Each structure stands twice: as structure tokens, then as C-alpha cells.
Amino acid sequence: MSTRLASGGRLLNKGKQVHFSFNGKQLTGFEGDTLASALLANDQMMIGRSFKYHRPRGIVASGAEEPNALFNMGEGGKFEPNQRATTTELFNGLSCASQNHWPSLEFDIGAINNHMTRFFPAGFYYKTFMFPAFAWKHVFEPIVRQSAGLGKAPKDRDVDTYEHFYAYVDVVIIGGGVAGLQAAKAAGASGAKVILMEQTPHWGGRAPVDGGDVDGMPVEDYITTLINDLKQMPNVTMRNRMMGAGVYDHGYVLGYERVTDHTPLENGPRHRLWRIRTKQIVTATGAIERPLSFAGNDIPGVMLASAVRDYVVDYGVSIGDRTVVVTNNDDAYRTAIALKKAGLEVPVVLDARASGGGALAEEAKALGIRVENGKGIAKVKGGKRVTGVAICAQAGEGSVLEEIKCDAVAMSGGWSPVVHLWSHCGGKLIWDDAQAHFRPDATRPPKGADGEGFVIPAGIANGPLDLPAVLADAHAAGLAAVKAIGMTSDVTAPVAEEKPEAAMEPVWLMPQGAGPKLRIKTWLDYQNDVKVSDVRLAAQEGYESVEHTKRYTTLGMATDQGKLSNINGLATLAGQLNAPIPAVGTTTFRPPYTPISFGAIAGEARDEVFQPLRRTPISGWHADNNAFDEPVGQWRRPYCYPQNGESHADAVKREINQTRTSVGLLDASTLGKIIVKGPDAGKFMDMMYTNMMSTLKPGKCRYGLMCNENGFLMDDGVVARIDEDTFLCHTTTGGAERIHGWMEDWLQCEWWDWKVYTANVTEQYAQIAVVGPNARKVIEKLGGDMDVSKEALAFMEWKDGKIGDFDARAYRISFSGELSYEIAVPASQGRAFWDALLEAGAEFGIMPYGTEGLHVMRAEKGFIMIGDETDGTVIPQDLNLNWAISKKKEDFLGKRAQLRDHMASADRWKLVGLETLDGSVIPDGSYIPADGNNANGQRNVQGRVTSTYYSPTLDRGIAMALVHNGLDRMGDVIECNTVSGTMIKAKIVDPVFYDKEGEKQNV
Amino acid sequence: MLTLKCPYCGVDAEETELHAEGEAHLKRFGPGSSDDDFESYLFMRENPKGVHFERWRHQSGCGKFFHAARCTMTLQVFGTYPAQTLEPPQDIKDKISATYPGWSWREFQ
Amino acid sequence: MRRYSAFAIAREAARFHTGWERAWRSPEPKKKYDVIIVGAGGHGLATAFYLGKNYGITNVAIIEKGWLGGGNTGRNTTIIRSNYLQDPSAALYEKARSLYETMSQDLNYNVMFSPRGVIMLAQTESEIRGYQRTAHANALQGVKTEFIGPQRVKELVPIINLDGPRYPVLGGLWQERGGTGRHDAVAWGYARACSDMGMDIIQKCEVTGVRQEGGKVTGVDTTKGPIDCDKLGLVVAGNSGDLANMAGFRLPMESVALQALVSEPIKPCMDVVVMANTVHGYMSQSDKGEMVIGGGTDGFNNYTQRGSFHHVEETVRALVETFPMVSRLKMLRQWGGIVDVTGDRSPVIGKTPLGNCFINAGWGTGGFKAIPGGGWATAELIAKGEPGPLSAEFGMERFIEGRFIDESVAAGVAH
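Chains as they are written, first to last, in full-length UniProt numbering: chain A, 1 to 1003; chain B, 1 to 109; chain C, 1 to 415.
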């Protein structure tokens, strides 16, 4: 059984007990424990079930590579699935539960799959579940979905907060093991701005566990001096609990800092995402031990040898009383020695190498440990935990030589550098035959904006495994990083004591000749239940590319992203294909290194601040007066202002009736306002607009259209000529920034010799439309020096002056058909002006109207709306706006496009009005079918409705539509479709429904 | 995540400050041009694997449009230069030649 | 071809699955084929399959630079829908969707087509009008869709947040027969069926040149030597510009990176596909339990298959806003693919300036859902030499005539 030892545990504070629960059981651990070490200390060997076969699973590793120990953690708004126990620090009150079983971990119905293993080989679902055709969706898929999926879905809203940091530095060093610390010291001494990040809470990595001497002191002490040195450097920022999550182009690094995961009661963000721009990156990301592939290598109690050692040394936890060690390299002897020294039994070390190990093996033997060379494990015995191993010759097919009782197996298949961050941005790998691993090819690094490499691997992450070489490499990497940015450092390299090791020998299957019965129980990917037999089957069936094999078997696609399984799987595939491993290649390494929370990625942008919110000077009044808003771009505009619980439709009707019969107000501040100024302004305006704008007289306004170069109508609005040199262009609310950019594009990139400046002054003004027969009276009541009479300020004119005390510019323009003044005042005076208008208009029953009232009134007048009558495929000619298209101009944007066959065709749909025969309202988006079907069996169409409203003024449904040959078909009755299939009959009429002569706006 | 130096304000601009504006050095064809020329101007695009010239705007910065010479395979940036020119400057062409001898892009080489 | 079935699996289980044959052959190229398809992605393989199935043309090679299905077919978010606005698009995508319904049976390969339903959320007034327009168009196009209210959306997607303070959910366009499929399986299933018809799938063979004589194609040069053909189909999303270059013409396309990401797997919590276009994010849950999330495209030409992280941020923000529970899930993996985007964002299926050379390209972000329809239409085009009704509107000549197929039309925001 696994238990806490009386001694050991260098990371623990044994003076402080921590209480936590697992599957409802109350357990205790110590401060400094990970959830994994605390569970093991409580003899929780089985901690979960696998994905596909629901096999019992135990903890395999001690770090980020752990594939099995994933838990549902926390409750309510702090619940989170798939939390990795090996990277979760223990805290008081932690509650977690195992995943993927029903009804309980101990008794799991799904485990029946385990007995059907043979019937569920890789890709079995591609070969079955096909009949009958409906069955996949309705029968099989639900079963598959229920049995997959690991953790539970969170139900409640996240109660935690998240934030983003930005940093701009010279060097980022990822990994705070001895290599990262050494590289940081070398780089930091140059004065360069350095960030050093470490994913765990501890500096120094696993060097203290592995031991060795540096500069005449134990490596653990050397690490302490390194940390102290670095803390003295103001230019070096050290962050633990921060993982290098991803490396992106041009030196962009994501750091994922788990700020309060381990102290959930403290205030502050849970996670912090660092977005770092750096000139150089040093990846001191260490290495991961590989499992060995033998039958039963997934039974709880089988663990990586390094992890067994970590638990003993770091946490004072023994995995078993009797641990069999199985290895193909010298490093695992360190585990045997550590166990022995901790007073635990190591019945045998099985060394697959016929020639056995080196000095470490001798040391183990000297401690009385039995060592068997050329031997391996034929099969692990046990179900929910290890009970023994059957020993065989590695060279054979698995004939059992001996059975040994044990309750743990420590395995080591060699070490693979963590090359993820090196590879994210295109760093290439090279196969190292001696160590049987891929390591960074320093001659082919990821390249930055300047075409030079910007990532330097360091320490074990670069291949060397022994301490002296690791330190030398890391030191050199730190120096190289600052050299690359033109700085120098004069730190001398440390000297570590050499401890030669015997060469490792690759072992991809144990025993070498294991037959199908063993291979089907030999796991490569624990979490996704991929076995040696599956990879072999994939190759046999022609899924030969490493990507095919991965996808066919799901090897490496689990939440650990194949950190343990990739190399073993590749080697198995290569073996089956009779190809060298490097020829098979790797799958692509993609960010993040380990999963990062979506909360951290989203940061603070949620709810009200999900996106920037733009407000007009009058927004506060709208909010105080029950406005119902609609989002328009990043603005929110009042749709209507419901009173006393009335419906939106009733509110709109009231607002329109008031405006048409007396006076209404519209907050039009969101309309785009762009100043175009300069000696060539007229020439420029003539290119931007389809109309002739250069002839517009100062003091006058003109409605104008803008097309893109493809000929389509993109924006409209009233242009006022301010003076000979200056125009003010109104755009749609959504169009202001776009149109301003569009103007700048032409001025900067095409006609850069034209003397024109533009400025977007949208937010500099509050603009209020005073609309209705009593509009003039209201304005006149305010007083001031501006004469707003018909004679002094005629329709389509504008004027500057004082209205009341306000500095105003009044435009006599109308989008409603009523007598209307759009009055701009400086933004700072907007609210006061609005209030003054409300007060002055009180006797006329003045009230604001919203965007829907605006829409209906413009439709009653037959005015087009960008986004309704236009959709990016409509040209002005379709909307009978030929009058606004200058015939005299040689050129304007869009003119050439409108000459193309399809645009100039007489067959285009034209804008008309529609009146339903029964007065009803046609649904939005209705189409007008024609006879017969097209070649694809679709009903022919002859038009579509572009706007449709109930008109309070006319008390009937009105609509605008684009209809084939519409202008020639006045009085015809057509049918508009509905989604229910019934048709609504409507008569084609003039689109101007109200005040056809325009008398009301011209009084 | 690109960075490009804005040739106007001198800022090493983050991609999030910038807006990509498509192929550089397009010649506008207006009324009187042939159908082919007009189609080509509006739609036909260089889409090279390698050196590419493009327009950017320092949209959340100084607002200026500028040109960049960039490799679409490696994202190496050979340089940026003002919008008010009809062809890439010689020093940028030289820099490209140092990496890709014999390169060509449309009429430039 | 040995048929796949539960019985076959049981039989093989008895002998540890040693009897399964290769899903497709890997032959060396012959000297000449009637038709060469460049690109063994979904569209290329589907084109070959329907050349054989519909027109009896089986002397076909499908040439692939990498591994079959390794481009965008294996990188997309597997959404299948046909609720398009414009007639030509709706016809093509609905053809594809209907072929997906029987694809597993047609290919004897379970592609796991799951018609679980697709909702496109309406979060602004103009989006409501846009989707209502689509629903009316679909009604006449024979595509079954409906506009549903917020309460129905909530019933279909219990984890959705209807009342976000910025963009409350106002309704949605619902296509019940839309859904998802297993992307790799589509490529593998077609490959197996093509191989079974005697077609040669030649992987790890890069086309280096297009051979022509008198304005007509005669074959291709490849890294495995020259191969002759009577007709050539270029079906190489993400590399179309390069191939067109070799063939001597230009395309109205640019290649950009499109990103996607997945969460760690969780137990089933969302049965339908949800797309939220105002806030720019879409999500479905795979059978494995991962939340599969589509991101945006970069604005610049890029062949690296890596996108910019800020697009991932934008997408994740949108999803956290729309589905607050997502905040406590974790991103497992993000990746990118290269898509060809045309001037009107609709694909090109048609003839090229080079005789007997045909192209299927420019699918932008929507290629996977179209695979069987695109293959069907391209096969017809190649077999007959002229476009059939499905592809008639998708030729490149539309750009010169100004006859666009623009699906982005509901996006107008103005007042």
C-alpha cells in the first residue's frame, strides 16, 4: 500500500495539517503536498477510470504529464472538471471527486467494456453502428457520448475573476529548474530585462531529487545561491506558478499564472494571462520520463520511476512496500537507491539491457539490491492495484521465468526533452539515437520578424541529461540569448561533478517479441486507452502517416496531449512500418503546453465590459427614462421608450403619432460626422460620392451616396458644405469609422498629392433631431440669435448660431418627412440642450422617439436605410437613386463597376412599395416567388421584401421590396411568402406612402 | 502575432494595433478600362508562398497606411515603408535578395 | 473490399484483428490516367468518388503532397449545415447535407454524421431581420429552417446565457437537420471507396508543374515523375494559388489562416451546434466530449498554419459571454489551417483558362460541410467538360460580370 513515511518530504511543512475530501471521504495531508501526493499518502492507489474501457487507473507521474489523475474539483461557481492532481497544490477544504465512472469508482458498470477490449480495437466505430441509418444519431451516438467525456460540465456561473498582464522584455526564460535558473543568471548579469517563469511553486526542478554536486556543494544548495543571486538583480522578474503556455510568432509568449488556485479564499484573480513580447526565449523546460510498454503497465501502482522517487524524496510518500524497478537506463537506479535508503524493499531491478547498468547499478547492488540484466516484465499482476510481476527475458516472447510479489512497479523507458515550446512556432527537431529521443535542432530554430532564430533550448530540454552538461548548456544558452540582442555577460560557468552513466538502450516493447495477447494489454496512451495493438492495427490498415495513426487510434489526443505516449507510439508505428523513427516524424506540437482556463483567456472582458461601450452625451437620460436599447455596433441606441408597462409596439406607435402630429426628439449623436477640408476637398468629394458634391454651395446640404469600388452602395448621408474648403459628411451610425478609414485610404494611398485633410468628429458633437409640425415653435421658444424661420433657414440648408445659450449648428434636413431640424451642439452641452428642448417642448407634449420610430417614419416616406434596402449586393440604380448619380462626372468610386454587364442589365430587381391587400404586415425577409422551379429544384423568385412595418400613420402594413422589373409593374398584385407556406397578396405601389409631395418637411 | 514598425510614427506596432489592408501597389482602373483590367484590379491577387508586399494601417495608432514586405511562409519582415510610393525602396529589395536571391513579385524583382 | 460491420469485427476479434486489410492501396503512379485530381482532401476524394460512381470514370489518380485528409479536411470544426441565403449556395450545400445523411451507408464507413441541429443566434435587430430573410429564402429553396425565439433557444441549449447585458439572445435560425460529422472519417471513407473502384491514391507526391500543349493540359510533373492525363482537377485548398501559378493563371483568391480550438472533454452538456456571429464564436460538443470552437481568420496572407492569438482571445471572450460555464473549462489545443478566400467569399467550381483543367477552390471557412456536394458538382464538371446546374453560378467568370454570390449580406449594421 502507499503511505506516508516517517521521514522525508523536503517540500512539506509537516507542522501544518491540511484537510481535504476525495469522493466524500475526509482525508488529511500536509502543507506542501500536491493533491496527488496527499492521495497517495492516504493509500488512494486507484483514482479514476479510463476513457474507453473504464479500466482502474492510478497516478503514474508527479507533474504536468500525468494522464490519469484528473478530478472534478470544487463546487458551485468554483467547480472545475479535469483538474490534474499532480499539479494541484493541496489546500484546506479542497474537495474533489474521481471521474468517468458510474455508479462509483469502485464498482463501475462501464468496466464491462474492459472485458470487451477485443471488440473495441482502434477505429472500431468507423466500421460499425451504420445500420439502420438513423441509428447513429438516435441510438449509438448518445451511448458513445455518455460514456466518453471525462469530467462533469460546470453548471454555475464562474465566481472567480481573471486578468491580463502585458510585458515587454529582452529575454523570457521558461522553466525554473536548475537549467532555467542558471540561464537566467547568465542572461540577467548582462542587465537585460528578464522574466523567468516556473510552472510549479518550487524553484530548482528535479535536480535536488536527483542529486549531484556543483561548485563543491550539493546541487540543492547551489540552487539556493542561484535564487539568491537572481533576487539581487532588479532586471530579473521571477514568477513561479506560471507556465509558459505558448510561443507565437515574432517573440510573443503566453504566461499562465495560477495566482490563487492554491489559496481559493484569498482575494484577487484566480488566473492571470501574461502576454509578453520578448526578443529572445530560452526554453529550459526539462524532460519527461517515458513509460515502458509491457502488459498491464496501466494497473494502479505502476508508476514512472522518477515519480516514485519524487514522492519519496519530495513528499515522504512511498508508493509501495515492495517496488520492482524496471528500466532501460541508469537513471531508474536512483529510484531503487532512494527507496532502499528510505527503508523500503526493492525486490529486484529488471534492467532490459543485456549488459546492464554502470556506476549507479553498482551502487544499488552494493546496497543489496538484486539486479537482473536482460530481463523485463512479461505481465503485471493485479486489478485495482499491483500484486506482482511476472519476469521474462527481454529478448524473448514473454515466457515467465519467475513471479515476484510486489505492490508497486517503477518503470523508466528513458527521457524525452520537452520540446513543445521550441516547436510551437516552427522550431525543428532532430532524432538523437544515443538517447532515443527527439531534441531541438539548434540549427533550425523558430525565426522572428528579422529572420533570425529567437528561441534557444537549454539544459535537458536541449538533450543533455547529466548535470555537468545540463549546467554548461544552460549557461551557454543564457549567454547566447543576450548576445543575440547585442548585450554581454561575464558570469563564469559553474562546474559540476561528473558521474558517468552507462548508455541507455531503446526498448519499445517488453518483451521484445510480445505476442498479440500481451500487446492488447500493453498501454501507450493511458487516458485515451490506446494500446500497442491499436497502433499496429492502424499501420496494418494503411493509416501509415503519423497523423493518420494519431487520429485513427486517438493516440496523444487526450488532455495530456501525449506527453507520455507520443514517442512510444511513434516508435511502435515505425517498428510496424519497418521505418526509422525520424522518418515517421512527429505530430505537430500546438499551444498550450498544458490546458489553460478559458476564464484566463477571456480575462476581464465579460458582462458589461465584454466589449467597449460607446455612450452619447444623452445616454444617461435614456437609461433614466426606461429606454429599451438595441446594440448598434458598440453603441446602444434606444429602440423605444415604453411608458407605464406598454408594449414596445404601443410605445413606437405613440412616439410616431406624437412626432407626426406635434413634435418629437431623436438622439442622433451616433451618426457619423466627418470633416473633409482642403483646397482639393471638392474634387475629393466628387470621387467619394456618386453625386456632384463640388457644386454644392456653402450653407447648403445635399443627400449623398457612397459606393465601393465594386459598385455596391455602402453608405449614405447628408453632406453640408461649410465653406469653400470644407465639407461635413454625415454617415450611418455603424459607418463612421469605416468611412473615415475609407477616405483616408484613398487620400493616403492613391491621391496623396491632393490637398485634403479629414477628421472624424463624431464624438465631438451631440446631435438632436427636433421633428414634427411644432419643431420650429419649440426651437424658437428657446430663443437665441438663430433665425430658424422658413425664409432664413430653408429646407436643405444649415446655419450656425445660438439657440438659447447653446452654440448650435442647425441642419434643416428630414428623415421622417416632417418639419425637422437636426441640431448639433458641442458634446459637453448635449445633455443640457436635450433637457432644454424637453422643457421647451413640454406644452406640445414633446417626447423622444427611438430607432424603431425612426425606421417606420422613414419607411412611410420611402427613404432607404443602409442595411435594410442595401445588403452589399445592391447598387443605387436598383433603388431608383439614379438622380443621385452624377452623369457629368468622368469618374467616382464605383462608377466603373456599375458599367459591368450584370450591373447595367435591365433585368435587375428595382425598389417598389408594397401594400398588402388585407392591410396586414408582411413578415421580415419575405421573398416573392415566381412561377416554376430552377434547375436545382428551387422555387424561382422575382423579388424580396427589404423593409416591412406596421404604419401607425396609415394604420396598415407597408413594405418596400426589390422586384424584378418592379417599376413597370405598378398596380400588379404579387405574393409574398411566409415560413408557414401561406402567401400574402400585396399590390406593387410607389414606395412613398406618406406626403408624396414632400409638403410637410418643407414648411 | 506580428509586429511591424510603422514608418510614420516609428512604433514597433503590435498586430492588434494594425489592420491588414491587402495587396500593395495595386493600380486603380476606373471608367474606360477594359473588363479584364478592371477584374484584375478588383479581384485577382498575388498569393505567393514567400515574399509578399502588402498594405497595413496603423489603425489604433497614428492612423497612417503603410507598406510592408513580408514572407508568407516564415513571417519574416523585410521592411516597412510609406504608402506614398509606387514601388518598394531599393534597400528593402536588397534585404529580400539577401534571403531569397532571384525573387520576384509582380513586376518587381 | 471487405465490408465493415459488427460481424466483421466479431470475426476479427477472435484472431486479434490480424485479418483486416488496408483501407486503401498505396500504389506507385501509372504513366497515364484519364483524370488526375490534385489534392486528396475531402473535396478531391469526393470528386474522384463521384467521377467513378456517377460517370463510370475510374482510371483516376488522386495525387497528394502530404497525407490524405491532412489539410483543412482534418482541421475544421466539422459543422454541416445548408441554411444559406443565396440560391446557388443553398443548392450546393443542401445537396452536400443530403449526401452526408447517407454517406456512412454509401461508403460503408461510419462518418458519424450527427444531424443534431444548428442554431445561428440573432443578437441584434438587424440579425433578426437577416435570419428571417434566410428562413424565407430557405422555404423556397427546399431547405428546412425556421426562426425560433429565445425560449426555444434556451430549451435547445440549456447552458446558454440569454440575457447577456451587451448582446442578449433575441432568437435564432434553426436548422434541425444540420449537425456535425467526423472529419477524418469522411476523407478515409472516400479514400477507401475510391481505392476499391481501382483509383490510385498517391500520397507524399508533390505536383511541381502542370504540363500543357496547345492550351490544353497534358499532365503533371511530380516528385514521383511526370504523369499524363486527359483532364486535370485542381482541388487543393490553401495551395490553389500555387497550383494556378504552375498552370499559368491567376485566381481571385488569397490564402489566410483560420483558427480553431478545443476544450478538454467533459460529459455531454450541449446537444446542438451554436453559432454566434455578432460576437464571433461558434461551438459544438464532439462525441468525445470536447467543446469544439471555431475562431476567426487573420486579415493577412499566411501559409504557416499558425494564427494570431488575439483571434483566439476574441473567440473565447465571445463564448464565455454566451456560455458562462465555459469560463471554468480549459483550452486543450489550438491550431490553424490555411483557407483560400475569394472576392465574394463564395467558392469557385469551374473551368480555368487552361483547357481540360478544372478547379474546385476558394471555400474559405465553409469547405467541410460542402464536401460531398462540391465533389458531386466537380465530378460533373470534369466528366462533361461543362458545369452542371449545381456549379453553374460558381465559375470564375462571375467576377468579370459582377454576378457575385455574397452570403455576408445580413451583416449590415446601420441607422
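Even for Gly, the Cβ is constructed at its ideal location relative to N, Cα and C.
These figures come from a predicted structure and were not determined experimentally.
**Message:** Let me check you understand the geometry: is the CB of A/Thr946 closer than 7 Å to at least one non-hydrogen atom of the ligand ATP?
**Reply:** Annotation note on the ligand ATP: not contained in the displayed structure, which lists no ligands.
**Request:** With a cut-off of 8 Å on the beta carbons, I'd call A/Gly711 and A/Thr732 a contact; round off their distance for me.
**Result:** Not quite, the Cβ-Cβ distance comes to about 19 Å (not below 8 Å), so this is no contact.
**Item:** Contacting positions in the stretch 293-323 of chain C - beta carbon closer than 8 Å to chain B
**Value:** Asp298, Gly299, Phe300, Asn301, Asn302, Tyr303, Thr304, Ser308, Phe309 and His310
**Request:** Determine the direct distance from the alpha carbon of A/Gln658 to that of A/Val989, and round the result to whole angstroms.
**Result:** 27 Å
**Prompt:** Given that A/Cys425 touches chain C, what residues does it touch there, using C-beta distances under 8 Å?
**Reply:** Arg306
**Option nearest A/Gly316 by Cα separation, candidates A/Arg4, A/Met73 and A/Asn934** = When each option's Cα is compared against that of A/Gly316, the closest is A/Arg4.
**Request:** Report the residue from C/Pro168, C/Glu254 and C/Gln334 whose alpha carbon sits nearest the alpha carbon of C/Ala318.
**Result:** C/Pro168
**Message:** Is the separation between the beta-carbon of A/Ala600 and that of A/His271 shorter than 8 Å?
**Reply:** yes
**Minimum C-alpha distance to A/Thr549 - residue among A/Gly123, A/Lys653 and A/Glu141** = A/Gly123
**Prompt:** Tell me, which residues are paired with A/Tyr168 by DSSP?
**Reply:** A/Arg277
**Item:** Span of the beta strand (DSSP E), counted from its first residue to its last, around A/Val380
**Value:** Start and end: Lys375 to Gly382.
**Request:** Can you say whether A/Leu105 is buried or exposed, counting buried as having 16 or more other CB atoms within 10 angstroms of its CB?
**Result:** buried
**Asked** Taking the beta strand (DSSP E) that A/Pro457 falls in, what are its first and last residues?
**Response** Where A/Pro457 is concerned, the enclosing beta strand (DSSP E) stretches over Val455 to Pro457.
**Item:** Three-pair Cβ contact test at 8 Å for the stretch 245-256 of chain C versus the stretch 34-50 of chain B
**Value:** yes
**Asked** Would you call the CB atoms of A/His202 and A/Leu11 closer than 8 Å?
**Response** yes
**Request:** Examine chain C for any beta-carbon lying closer than 8 Å to the beta-carbon of A/Ile520, and answer yes or no.
**Result:** yes
**Message:** For a contact defined as C-beta to C-beta under 9 Å, what are the partners of A/Asn934 on chain C?
**Reply:** Asp87, Ala91 and Pro389
**Asked** Which bits of chain C does A/Ser545 rub up against, with CB to CB less than 9 Å?
**Response** Gly66, Trp67, Leu68, Gly70, Gln203 and Lys204
**Asked** Excluding sequence positions up to five away, which residues of its chain have a Cβ less than 8 Å from the Cβ of A/Asn92?
**Response** Here A/Asn92 has Val18, His19 and Phe20 as same chain residues with Cβ atoms under 8 Å from its own Cβ, once five neighbours each way along the sequence are excluded.
**Prompt:** Quick one, which residues of the stretch 367-387 of chain C are near chain B if we go by CB-CB under 8 Å, in chain order?
**Reply:** none
**Prompt:** How should C/Glu2 be labelled, buried or exposed, when 16 other C-beta atoms within 10 angstroms of its C-beta is the threshold for buried?
**Reply:** It is worth fixing the name first, because residue 2 of chain C is Arg in this sequence and not Glu. By the neighbour-count rule (16 or more Cβ atoms within 10 Å), C/Arg2 is not buried but exposed.
**Request:** Using alpha carbons as the reference points, say which of B/Glu107, B/Thr3 and B/Met73 lies closest to C/Ile338.
**Result:** B/Met73
**Request:** Apply the 10 Å Cβ neighbour rule to C/Val413 and answer buried if 16 or more other Cβ atoms are within range, or exposed otherwise.
**Result:** In this predicted model, C/Val413 has a pLDDT of only 36, less than 50, meaning its place in the structure is not dependable; the value taken from the coordinates is given anyway. So C/Val413 counts as buried.
**Range of the contiguous alpha helix (DSSP H) that encloses A/Ala476** = Residues Leu467 to Ala484.
**Prompt:** Quick one: what's A/Met303 bridged to in DSSP?
**Reply:** For A/Met303, which the question treats as bridged, DSSP gives the partners A/Ala410.
**Request:** Using a threshold of 8 Å, state whether the C-beta atoms of A/Pro457 and A/Ala477 are closer than that.
**Result:** yes
**Prompt:** Which value, in whole angstroms, describes the spacing of the CA atoms of C/Gly86 and A/Asn708?
**Reply:** The question names Gly, but residue 86 of chain C is Gln in the sequence shown. Straight-line Cα distance between these residues: approximately 21 Å.
**Prompt:** Is A/Ile984 helix, strand or coil when you go by DSSP?
**Reply:** strand
**Prompt:** Taking all protein chains shown into account, do 16 or more other C-beta atoms lie within 10 angstroms of the C-beta of A/Thr87, making it buried, or fewer, making it exposed?
**Reply:** Flag for A/Thr87 reads buried.
**Message:** Cutting at 6 Å between CB atoms, please list the residues of its own chain near A/Gly995, excluding the five before and the five after it.
**Reply:** One point to set straight first is that residue 995 of chain A is Asp, not Gly, in the sequence displayed. Cβ contact annotation for A/Asp995 (same chain, cutoff 6 Å, sequence separation greater than five): Gly817, in chain order.
**Message:** What are the residues in the stretch 255-274 of chain C lying within 7 Å of chain B by C-beta distance?
**Reply:** Under the 7 Å Cβ criterion, the stretch 255-274 of chain C contributes Ser255.
**Request:** Compare the beta carbon distance of A/Val455 and A/Val247 with 8 Å and say whether it is the shorter of the two.
**Result:** Between A/Val455 and A/Val247, the C-beta spacing is below 8 Å.
**Request:** Consult DSSP for C/Arg133 and reduce its assignment to one of helix, strand or coil.
**Result:** helix
**Asked** Within 8 Å (strictly less), CB to CB, does B/Phe43 reach chain C?
**Response** At least one CB of chain C lies nearer than 8 Å to the CB of B/Phe43.
**Prompt:** Between the C-alpha atoms of A/Arg615 and A/Ser828, what's the straight-line distance to the nearest angstrom?
**Reply:** 13 Å
**Request:** Ignore the nearest five residues each way along the sequence and tell me which others in A/Pro991's own chain have a CB closer than 7 Å to its CB.
**Result:** Gly862, Leu911, Val912, Gly913 and Met960
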